[in-house]
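S.K.: Below is a structure I'd like to ask you about.
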Amino acid sequence: METTLQDLGITTGDVILEISYLVAAILFVIGLKLMSHPESAKKGNLWAAVGMGLAMVTTLFLHRGVSGQTISLLNGIVIVSAIIFGGIIGTVIARRIKMTAMPQLVSFFNATGGAASALVALMEYSNPDNSSATVTLLGLIIGAIAFSGSMIAYGKLDGKVGDIFAKWTTYFNIFMLVLITALTVYMLAFDHDMATQTMLSYILLGLALIYGIMFVMPIGGADMPVVISLLNSLTGIAAAMAGFIYSNQAMILGGIFVGSAGAILTLLMCKAMNRSLLNVIIGAFGGGGAAADKDQGTIKEISLSDASVLLSYSQKVVIVPGYGLAVAQAQYATNDLVKLLEDKGVEVKFAIHPVAGRMPGHMNVLLAEADVPYTKLVEMDDINPDMPNTDVTIVVGANDVVNPAALDDPSSPIYGMPIINAHESKNIIVMKRGMGKGYAGIENFLFFNDKTRMLFGNAKDSIQALVNEIKQL
Amino acid sequence: MEDFLVYFYQNKEVIFIIALSIFLGVEVISNVPSVLHTPLMSGANAISGVIIIGGIILLGHTNLNTFSLNLVLGIFAVIFGTLNVVGGFVVTDRMLDMFKKKKKK
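Structure, rendered in structure tokens:
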């Protein structure tokens, strides 16, 4: 006897739905895979989006509830309206945002995903048909932490939220974690009536939201990329938890896949800064200032005309961009400078530190925006052997990533972090707004180096002035 | 102990999916040049909006005849999920546009 669909109590639609989930899951993986090459990246993003769209449409038309009914027309209209509303807002925000604000935006979208996960879990928890209480509560907690944490990360990157760091935050956070765990265990271990159960789930939601805020609050701005990546990973896991509730393979695979991708990216970033994840989470950059006692030497400035002559008659120039370049919107002016120097036969390369900017690869995006070919962007490990042969290194708005203290001062908080060896090149020009310290709040001895000359001012203005000066040579 | 064995056996497919997905994620990320880390993070972020499916299922089977808190929360869940998905993919596309522009020239 052959088994028929009827024997299994399913319809053709159910099978098509599952097939569409399989296709969607495959498209997610292919999409991210294609994104690993600049040429195919755009296609990869499109494939992943197609997978998502497919899963959304088939769910809308084919998903059957517990009593076997598909989604009614009226419900469908409500859903489509909500999707159109969210879609328009999302598109407008994503299109209008400035490229420098990209990290905040990713953090914001991550927050909305976390919020959606938390809401789904919250409602499913009081749904009597839902038998998987453990994953539901986990989804609720993780989603809520991802939401509030991402909102704080968004606020910090946008300059709306400052750092709060006090010894008590660490203890407070440990206390909160214990409290959340205890409440979860209590909710799972004992039977409660509906009203109590609902109330407890709201309390749990509240605790998780507070934890998310307090977890990100003490973490310094320099560590935000790591935090966003971590929260991104959490959102994926929260979505996978919701996938368990519905036994939905596309959600489980997509969520876990993104969760592990985010986790490994987080670790890679920590490694680039030579810090452990625990260290990032528990302690803000020490600000210990133990190194400040050393004799600093003197700062020497350079005039625009000297700088332009120096650059024009160099053979090899390396530009080290930092967040200061992004803030000043100096990427276009920088590209002008590069073109001008290349016309004069100077070889120009960009040295990209893994954590330059506010996110890994952020600097690449900004420079790509200004039409700098990505073949000119050289990663730290590849350019460092070349640094002693470099005539001039221009440090634009970067600080900690060129701080030699990371190499030779064990008392420095960034000791051990790999840096771009700007100090090895023959001349160094540092463009900086003022003598302020970098994001990590520590002194940079590169500025006091004998080969270093400072060019103070807004990066964009300085570079433009430099361009004009070189043109007149 | 037996509980654990039973649990494993009953959920073995899902456990397989999880284990393999973790490897898949690690494998895909490790091969990406750092040039593409930000778009990739953004793209991965958009995929984590897969929670939208949960939102659709939930709102799709919510009773619309009576006004309930669940209805409001469900609508918000779908809106938030869409924001994550649509915003995420659009912004990733915009970032990647910048890489592509140079290819044509």
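Chains as they are written, first to last, in my numbering: chain A, 1 to 473; chain B, 1 to 105.
Heads up, the beta-carbon is just placed ideally off N, CA and C, and yes, glycines get one too.
1. Decide yes or no for the touch test of the stretch 66-79 of chain A against the stretch 312-326 of chain A: beta carbon pairs closer than 8 angstroms, at least 3 of them.
2. Taking Lys316/A as part of the beta strand (DSSP E), name the residues at either end of that continuous run.
3. Taking the alpha carbon of Phe89/B as the reference point, which residue from Ile75/B, Thr38/B and Gly74/B has its own alpha carbon closest?
4. For chain B, is any of its Cβ atoms less than 8 angstroms away from the one on Gln472/A?
5. Relative to chain A, which residues along the stretch 83-95 of chain B have a C-beta separation below 9 angstroms, given in chain order?
6. Identify the continuous beta strand (DSSP E) that holds Val396/A and give its terminal residues.
7. Determine, for Val365/A, whether the minimum Cβ-Cβ distance to residues of chain B falls below 8 angstroms.
8. Under 8 angstroms by Cβ, that's how I've got Met241/A and Val50/B pegged, so tell me the actual separation to the nearest angstrom.
9. Three or more beta-carbon pairs under 8 angstroms between the stretch 242-249 of chain A and the stretch 202-214 of chain A, yes or no?
10. If you compare alpha carbons, which of Asn63/B, Phe67/B and Leu69/B is closest to Ser72/A?
11. Would you mind reading off the limits of the alpha helix (DSSP H) that contains Ile429/A?
12. Per the DSSP calculation, Arg64/A is bridged to which residue(s)?
13. Alpha carbons only, please: which of Ala25/A, Gly457/A and Ile84/A is nearest the one belonging to Ile302/A?
14. Along the stretch 70-82 of chain B, what residues have a CB closer than 7 angstroms to any CB found in chain A?
15. Can you have a look at Leu157/A and say buried or exposed, based on whether 16 or more other CB atoms are within 10 angstroms of its CB?
16. Within 8 angstroms of any Cβ in chain A, is that where the Cβ of Ile18/B sits?
17. Let's test the definition: count the other Cβ atoms within 10 Å of the Cβ of Gln472/A and tell me whether it reaches 16, buried, or not, exposed.
18. Could you compute how far the alpha carbon of Tyr154/A sits from the alpha carbon of Phe108/A?
19. How many Å lie between Leu24/B and Leu304/A at the Cα?
20. For Glu342/A, collect the residues of the same chain with a Cβ closer than 7 angstroms to its Cβ; drop the 5 residues on either side in sequence, then sort them by chain order.
21. For the stretch 28-42 of chain A against the stretch 249-263 of chain A, do three or more pairs of beta-carbon atoms, one drawn from each stretch, fall closer than 8 angstroms, so that the two count as touching?
22. Measure from the alpha carbon of Ala46/B to the alpha carbon of each residue in Gln331/A, Ala239/A and Gln6/A, then state which is nearest.
23. Grouping DSSP H, G and I as helix and E and B as strand, with all else coil, what is Thr480/A?
24. Under the three-state reduction of DSSP, which class applies to Val355/A: helix, strand or coil?
25. Provide the residue span of the beta strand (DSSP E) that contains Glu379/A, from first to last.
26. Put Arg453/A into one of helix, strand or coil per three-state DSSP.
27. What residue from Thr452/A, Ile394/A and Asp408/A has the CA that sits closest to Leu466/A's CA?
28. Which chain A residues are close to Leu5/B, counting only those with a beta carbon under 9 angstroms from its beta carbon?
29. I think Gly87/B touches Ala94/A, with their Cβ atoms under 8 angstroms apart; what is that distance to the nearest whole Å?
30. Show which residues of chain B have a CB atom less than 7 angstroms away from the CB atom of Tyr246/A.
31. Grouping DSSP H, G and I as helix and E and B as strand, with all else coil, what is Lys349/A?
32. Taking contact to mean at least 3 C-beta pairs separated by less than 8 angstroms, is the stretch 77-97 of chain A in contact with the stretch 116-128 of chain A?
33. How many Å lie between Met1/B and Asn232/A at the Cα?
34. Does the stretch 421-432 of chain A come within contact of the stretch 377-396 of chain A, defined as at least 3 CB pairs closer than 8 angstroms?
35. Does the beta carbon of His192/A come closer than 8 angstroms to any beta carbon on chain B?
36. Lys460/A: buried (16+ other C-beta within 10 angstroms of its C-beta) or exposed?
M.R.: Quick answer:
1. no
2. Numbered from its first residue, the first sequence carries residue 316/A at position 316. Here the beta strand (DSSP E) through Lys316/A covers Lys316 to Pro321.
3. Residue 89/B sits at position 89 when you count from the first residue of the second sequence. Looking at the Cα atoms, Thr38/B is the closest of the given residues.
4. Locating residue 472/A in the first sequence gives position 472, counting from the first residue. It does not: the Cβ of Gln472/A has no partner Cβ on chain B nearer than 8 angstroms.
5. Leu83, Asn84, Val85, Val86, Gly87, Gly88, Phe89, Val90, Val91, Thr92, Asp93, Arg94 and Met95
6. Position 396 of the first sequence holds residue 396/A. First-last of the beta strand (DSSP E) with Val396/A: Val392 to Val396.
7. Stepping through the first sequence from its first residue, residue 365/A is reached at position 365. Interface residue, yes.
8. Here residue 241/A is taken as the residue at index 241 of the first sequence, counted from 1. Here residue 50/B is taken as the residue at index 50 of the second sequence, counted from 1. Going by Cβ atoms, the distance from Met241/A to Val50/B rounds to 12 angstroms, so no, they are not a contact pair.
9. no
10. Within the first sequence, numbered from 1, the residue matching residue 72/A stands at position 72. Ranking the options by Cα distance to Ser72/A, first place goes to Asn63/B.
11. Here the question's residue 429/A lines up with position 429 in the first sequence. Element bounds for Ile429/A: not the alpha helix (DSSP H) but the beta strand (DSSP E), Asn427 to Lys432.
12. The sequence position of residue 64/A within the first sequence is 64, counting from 1. Paired residues: Thr70/A.
13. Position 302 of the first sequence, counting from 1, holds the residue named residue 302/A. That would be Gly457/A, whose Cα lies nearest to the Cα of Ile302/A.
14. Asn70, Leu73, Gly74, Ile75, Phe76, Ala77, Val78, Ile79, Phe80, Gly81 and Thr82
15. Numbered from 1 along the first sequence, position 157 holds the residue referred to as residue 157/A. Leu157/A is buried by the Cβ-count criterion.
16. Mapped onto the second sequence, residue 18/B falls at position 18. Chain A contact via Cβ: present.
17. The residue given as residue 472/A occupies position 472 in the first sequence. Exposed is the call here.
18. Here residue 154/A is taken as the residue at index 154 of the first sequence, counted from 1. Here residue 108/A is taken as the residue at index 108 of the first sequence, counted from 1. Each residue's alpha carbon lies about 6 angstroms from the other.
19. For the purposes of this step, residue 24/B is taken as the residue at position 24 of the second sequence. For the purposes of this step, residue 304/A is taken as the residue at position 304 of the first sequence. Going by the C-alpha atoms only, they are around 52 angstroms apart.
20. Taking the first residue of the first sequence as 1, we reach residue 342/A at position 342. Around Glu342/A: Val348.
21. yes
22. By 1-based counting over the second sequence, the position of residue 46/B is 46. Closest by alpha carbon: Ala239/A.
23. A query on residue 480/A cannot be resolved here, the shown segment of chain A reaching from 1 to 473 and no further.
24. The sequence position of residue 355/A within the first sequence is 355, counting from 1. Correct three-state label for Val355/A: coil.
25. Against the first sequence, residue 379/A aligns to sequence position 379. First-last of the beta strand (DSSP E) with Glu379/A: Leu377 to Glu379.
26. Within the first sequence, the letter at position 453 stands for residue 453/A. In the structure shown, Arg453/A sits in a strand (DSSP, three-state: E or B).
27. Residue numbering aside, residue 466/A sits at position 466 when the first sequence is read from its first letter. Comparing Cα positions, the closest option is Ile394/A.
28. As a working mapping, residue 5/B is identified with position 5 in the second sequence. Those within 9 angstroms of Leu5/B in chain A number zero; the least Cβ separation is about 18 angstroms.
29. The residue given as residue 87/B occupies position 87 in the second sequence. The residue given as residue 94/A occupies position 94 in the first sequence. Yes, they are in contact, since the Cβ atoms of Gly87/B and Ala94/A sit about 5 angstroms apart, within 8 angstroms.
30. Position 246 of the first sequence holds residue 246/A. Going along chain B in sequence order, the residues near Tyr246/A (Cβ under 7 angstroms) are Gly54 and Ile57.
31. The residue given as residue 349/A occupies position 349 in the first sequence. In the structure shown, Lys349/A sits in a strand (DSSP, three-state: E or B).
32. no
33. The count along the second sequence starts at 1 and reaches residue 1/B at position 1. The count along the first sequence starts at 1 and reaches residue 232/A at position 232. Computed Cα separation, rounded: 34 angstroms.
34. yes
35. Taking the first sequence and counting its residues from 1, the one referred to as residue 192/A is at position 192. No, His192/A does not count as interfacial toward chain B.
36. Position 460 of the first sequence, counting from 1, holds the residue named residue 460/A. Per the 10 Å Cβ criterion, buried.
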